[in-house]
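If you want the working numbering, it's the position in the sequence shown, counting the first as 1, plus 13. All C-beta atoms in this analysis are idealised placements derived from N, C-alpha and C, irrespective of residue type, glycine included.
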Amino acid sequence: MKIERLFPVFSAAFAVIYVVVLDYNWALVTYNPKPGTWDLGATAPKDGPAMYWYGVVATSFLAALVVTAIIGLVIPENVKARAWSGLTWLLPVGSIAFLVWLLLPYYTK
14 MKIERLFPVF SAAFAVIYVV VLDYNWALVT YNPKPGTWDL GATAPKDGPA MYWYGVVATS
74 FLAALVVTAI IGLVIPENVK ARAWSGLTWL LPVGSIAFLV WLLLPYYTK
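Take a look at the structure:
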């Protein structure tokens, strides 16, 4: 198996996982810029606003690696060959549409 074949799987998995992690705020770490502290998990802000984005990206990256490994190692090649290649584009586009819907209240208030 060539590693280049896993890049589209990782990209699609990351896009889908990112919106779920963002929606539920499953951040791996929280950065508080004013005191300059890092905390594990999504913690409450300390002395100013907290930044959860780093944790969201880290969580999404690790989960996408696991999903890519499972799909790459467990699913047989003949099943992967028959899978519709459009999923590589459909899943990220669907994730972007969900993000637009999720963030719409911030722009329409």
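Handout entry: Cα-Cα separation, Val113 to Leu35
Key = 12 Å
Practice task
State yes or no: is the C-beta of Leu78 within less than 8 Å of the C-beta of Ala28?
Solution key: no
Exercise for the section: If I'm right that Ser73 touches Ile30 with Cβ under 8 Å, what's the distance once you round it to whole angstroms? Expected result: 5 Å
Practice task
Would you give the residue range spanned by the alpha helix (DSSP H) that Tyr67 belongs to?
Solution key: Trp66 to Val87
Exercise for the section: Using alpha carbons as the reference points, say which of Arg18, Val33 and Ala110 lies closest to Val69. Expected result: Val33
Practice task
May I ask which residues mark the beginning and end of the alpha helix (DSSP H) holding Leu53?
Solution key: Looking at the DSSP string, Leu53 is not in any alpha helix (DSSP H); the run it does join, the beta strand (DSSP E), is Thr50 to Leu53.
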